[in-house]
Amino acid sequence: MVGVLSFLLLLSREAFPQKADSTIKLSAGKHYLRTGFHRFWWGSHYRKVWAEPVEVPVLWISQFKGGVTPLKEGGSFQTKNLRLVDKAGREYVLRSVDKDPSKALPKGLQKTFVAKLMKDQTSVIHPYGAFIVPKLASAANVYHTNPRLVYLADDPALGEFRKDFAHMLVLLEERPDGNWKNLESFGKPREIVSSKKAFESLLSSPMYQVDAKRYLTSRLFDMWLSDWSRREDQWRWTITRKGTSTEFSPIPRDRDHAFFKFNDGVLTKLVSVFKPNYQSFDQTIVGKNVKGLIKSSYQMDAYLLAYLTKEEFLKAAQELQQRLTDEIIEQALAQWPSQIRELSREEFLVKLKSRREDLPAASASFYKLLNKDVLLPGTDAEDRFVLEFQEDGSLMVQHWAFEENQERNLLHQKTFYPNQTKSLSIYGLGEEDTFVLQGKGTSRIKVRLYGGEETDKLLLDPSFQLKGQKIKLMDEEDGNEYPIHKMIKKEKYTPKAQEFNGAGWLLRHRLH
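If you read the sequence shown in this note's numbering, its first letter stands for residue 13, the second for the next number, and so on.
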């Protein structure tokens, strides 16, 4: 039996084209074809697309970019990844088109009906969805990788990875890391870092800032694509030096879950009720869709977009509408092989155009969800928060930092309204922070102030006259200078790690 298997393996390798300029015709996954009975219960998804043969170029890594070297295997439980590096030190990644989510199951379940069913549901993903994203992202002014569909040759240069990766259908794309100073789709950065590194920097000092407007545009673009899996590890960040400050700009990566189609089976539709993040690529983006689409990234969205206004959200959506023209959509769909266009073009045309019209409403829902209960962190440097109360119940918040010469620098300013915001919590985090209360007004938003590490101060401006709800001052009793006032309710508490300093705050993002 072993001899027969060896012969068949050798025969299969010799049957495939071996020349560097050759192509091969194959399907991404004929095994996803199912009976009508199965599709009724578990969905049709993109099964026909998976089963359709397409012409694919054969990749020899020994000849790509003058020869690249495999570095290490990676990826999630369901995707196999192989990192490559070229002679200039730039990295690329090969990502398997087919997935196997059953690998996330305990070993005892990996050969059961449950595992087979999980594997079958890979068909919810459009295997060629990633190819239309670059054209759309460029028009939207969103950074992006440039995936290519290739068939990985049985190349000796694969070395120890040859057994696991040869003869695999993969996506080949740039890995957003390090120096890509000549790549326009990344913004020509000289340095790219992980979310963990970016967030650690943002929380360490006010000299680090994020390009929040670009991040907002990227998130609205995600919603348009129905890409619900946008957790922290799905992003990388370019670094741009601007005088004495440093700005991080987002690069989205991994579009596996864009154009997700899950709710077209009786049982899968039922599952989506209990898994609201499983948002399907339908013709509309309504409020409940937005809530599901941001479920995996809510903490990050709320943190990075906290100071943007409702008007800025609307403007970003309207600009996206203007950029994503019918012509751009047509050009993007033209990137597909003709066989795939035949199967998917009309569906995608209708849905992308229809969802584009919903972007302003989606941005309004997005803003509403993020601004109901607001958390505003400081940094591990000295921060000054000024809260000015207004007669109409609104509250203006300013976040100031201190330069090396102790001059104040206004970082952020935003007015919060009681019809939009129910509660507002401010965290000083590390170092000695100052909270200033001023203005004659009404408190209609629940306000909590957390000093965090070191000794903190509360200053009452002579203009401060407040009625309505009392401000809660969370006092860990470590020598803080907090005056007594009838409208301030001081509460003794033991701080959680997330409220203490920047390292603790990262726990909210599972990054520390």
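For each residue, glycine too, the CB sits at the ideal point set by N, CA and C.
A quick note: this is a predicted structure, and the numbers were derived from the prediction, not measured.
Residue i (DSSP reduced to helix, strand or coil)
| i | result |
| --- | --- |
| residue 301 | helix |
| residue 151 | helix |
| residue 263 | strand |
| residue 424 | strand |
| residue 123 | coil |
| residue 50 | helix |
| residue 482 | coil |
| residue 64 | coil |
| residue 413 | strand |
| residue 144 | helix |
| residue 494 | coil |
| residue 220 | strand |
| residue 95 | strand |
| residue 234 | helix |
| residue 244 | helix |
| residue 108 | strand |
CA-to-CA distance, residue j to residue i, given in whole angstroms
| i | j | result |
| --- | --- | --- |
| residue 170 | residue 141 | 27 Å |
| residue 131 | residue 390 | 44 Å |
| residue 68 | residue 154 | 27 Å |
| residue 511 | residue 333 | 39 Å |
| residue 56 | residue 145 | 23 Å |
| residue 178 | residue 320 | 48 Å |
| residue 78 | residue 40 | 28 Å |
| residue 313 | residue 34 | 45 Å |
| residue 442 | residue 466 | 7 Å |
| residue 260 | residue 249 | 6 Å |
| residue 401 | residue 262 | 34 Å |
| residue 117 | residue 337 | 43 Å |
| residue 469 | residue 270 | 47 Å |
| residue 95 | residue 86 | 7 Å |
| residue 238 | residue 293 | 5 Å |
Range covered by the beta strand (DSSP E) that runs through residue i
| i | result |
| --- | --- |
| residue 439 | 435 to 439 |
| residue 449 | 446 to 450 |
| residue 252 | 247 to 254 |
| residue 461 | 458 to 462 |
Assumed close pair residue i, residue j - CB separation to whole angstroms, cut-off 8 Å
| i | j | result |
| --- | --- | --- |
| residue 491 | residue 454 | In fact, because the Cβ distance is near 32 Å, the residues do not count as touching under 8 Å. |
| residue 173 | residue 82 | 5 Å |
| residue 456 | residue 420 | Not confirmed; about 28 Å, so no contact. |
| residue 220 | residue 213 | 4 Å |
| residue 12 | residue 478 | Residue 12 is absent from the structure shown; the chain starts at 13 and stops at 524. |
| residue 187 | residue 104 | 6 Å |
| residue 423 | residue 409 | Actually they are not in contact, since the Cβ atoms of residue 423 and residue 409 sit about 11 Å apart, beyond 8 Å. |
| residue 232 | residue 344 | That belief does not hold up - the Cβ atoms of residue 232 and residue 344 are roughly 17 Å apart, past 8 Å. |
| residue 189 | residue 204 | 5 Å |
Beta carbon proximity, residue i to chain D, threshold 8 Å
| i | result |
| --- | --- |
| residue 461 | Considering every chain present, this structure includes no chain D. It has just one protein chain. |
Same chain only: Cβ atoms within 6 Å of residue i, ignoring 5 sequence neighbours per side
| i | result |
| --- | --- |
| residue 370 | 296, 297 |
| residue 307 | 289 |
| residue 184 | 106, 160, 162 |
| residue 379 | 322, 325 |
| residue 501 | 482, 484 |
| residue 98 | 77, 80 |
Residue range of the unbroken alpha helix (DSSP H) whose run includes residue i
| i | result |
| --- | --- |
| residue 350 | 350 to 369 |
| residue 341 | 338 to 345 |
| residue 511 | 509 to 512 |
| residue 81 | Not the alpha helix (DSSP H): residue 81 falls in the beta strand (DSSP E), residues 81 to 86. |
| residue 212 | 207 to 216 |
| residue 10 | Here the chain comprises residues numbered 13 to 524, so residue 10 is not present and cannot be evaluated. |
| residue 323 | 322 to 335 |
| residue 177 | 174 to 177 |
Own chain partners of residue i with C-beta closer than 7 Å, once the 5 adjacent residues on each side are dropped
| i | result |
| --- | --- |
| residue 135 | 44, 57, 58, 59, 62 |
| residue 360 | 345 |
Contacting residues, own chain, Cβ-Cβ under 8 Å from residue i (five flanking each side not counted)
| i | result |
| --- | --- |
| residue 150 | 156, 197 |
| residue 91 | 107, 108, 111, 268 |
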